[in-house]
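Residue numbers (this note's numbering): 1390 to 1616.
Glycine is no exception: its CB is placed at the ideal position from the N, C-alpha and C atoms.
From a predicted model like this one, the values you see are computed outputs, not experimental measurements.
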Amino acid sequence: MNTTNSLIASTDWFPLVLSLKVAAVATVLALIVGVALGWVFARKKFFGSNVLEAVFMLPLVLPPTVIGYAILVAAGRRSPLGGWLREHLDYTIIFSWHGAVVASAVVALPLVLKSASAAFAGVDRSLEAAASTLRQSPFSVFLRVTLPLAWPGILAGTLLAFARAMGEFGASLMVAGSISKQTQTLSMAIYDAVQAGHDDLALLLVIVTSLLSITVLVLSNRFFSLK
C-alpha cells in the first residue's frame, strides 16, 4: 500500500490533464462538424452522398498512421496551408498540443457523424411538419423539435467520440510527437513508460485510462437506451 501511495504521489499527472483537455476540445470540434454532416446525410440525398459519407467515415477504419500522414500532408510545414500559417501567423500545429487536437478530432468525427445521422433519421417528420404550421422557421423547428428529439443519440455518439479522442495514439504521435510537459498524452505516457521499463507507472496509467473509458462507455450506453 505504501509503495502504491508513493507511486501515485510521485507520478506526473500532466499527461492526464493534457489528455482531458485535448479530448474535450477535439470532441467539441467533432460535435459541431458531426452534427452538421449528420443532418445533411440524413435529410439531403444527392448524387455521390453515399461516397462522400464513406470518405468522412474513413478515419474509423484506416490505420492511425495513415490519418497522421494525411494531416501532415494537409497542414504540415511543407504544405500550402502549413506554409501560409507559418509565414503569416508564425504558427504550426506540428509538435504542439493543437496537433493532437486535430488528430483526435479527425478520428473521433465518424462516431459523432454516424450517431447524429441515425438520430436525425429517426426523428418523426410529422412533428416537424406540425411545428412548421405554427409559423416556425426551419431553423426554429430544428432547434425546438429536431435537435431535442435527436439529442440522446447525438450525446451517446459524442461520449464515444470523447473516449476515442482520449485513447488516440498513432495519429497524434505523428503530428504532435511525445514531448514531455508539452504534447505527451496518457497513451503516449504509457508507451514511454513501457519502453523505459517503468512497468508500475505504466500499469497505474493503464488503470486510470481504463476507469475513465469505462465511465464514459457506461454513460454512452445509458443515453443510447434513451433514444
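query, result
"DSSP three-state assignment for Tyr1480, whether helix, strand or coil", "coil"
"Residue from Gln1525, Val1462, Ala1554 and Val1530 with nearest C-alpha to Val1417", "Ala1554"
"Sufficient close CB pairs (3 or more, under 8 Å) joining the region 1477-1484 to the region 1564-1573", "yes"
"Contact check, Leu1575 vs Leu1441, beta carbons under 8 Å", "no"
"Leu1523 versus Ala1539: straight-line alpha-carbon distance, rounded", "21 Å"
"Backbone CA spacing between Pro1453 and Val1496 [nearest angstrom]", "8 Å"
"Residue nearest to Pro1499 in terms of C-alpha spacing, selected from Thr1604, Asn1610 and Ala1415", "Ala1415"
"Straight-line gap, Phe1435 to Ala1398 (C-alpha atoms, nearest Å)", "57 Å"
"Top-ranked residue by Cα proximity to Ala1520, from Ala1578, Gly1511 and Leu1532", "Leu1532"
"Given Met1609 as reference, the closest of Phe1445, Tyr1458, Gly1542 and Gln1525 once Cα atoms are compared", "In the sequence under discussion, the amino acid at residue 1609 is Ser, which differs from the Met named in the question. Measuring from the Cα of Ser1609, the nearest candidate turns out to be Gly1542."
"C-alpha distance - Asp1479 paired with Pro1527, whole-angstrom precision", "42 Å"
"Integer-rounded CB distance, given that Gly1423 should sit under 8 Å from Ala1560", "Contact flag wrong, Cβ pair sits at about 17 Å."
"Cβ-Cβ distance between Leu1407 and Gln1573 below 8 Å", "yes"
"Top-ranked residue by Cα proximity to Ala1413, from Val1491, Val1512, Asp1401 and Gly1465", "Val1491"
"Rounded straight-line distance, which links the Cα of Phe1509 to that of Glu1517", "11 Å"
"Cα-Cα separation between Ser1599 and Val1450, rounded to whole angstroms", "22 Å"
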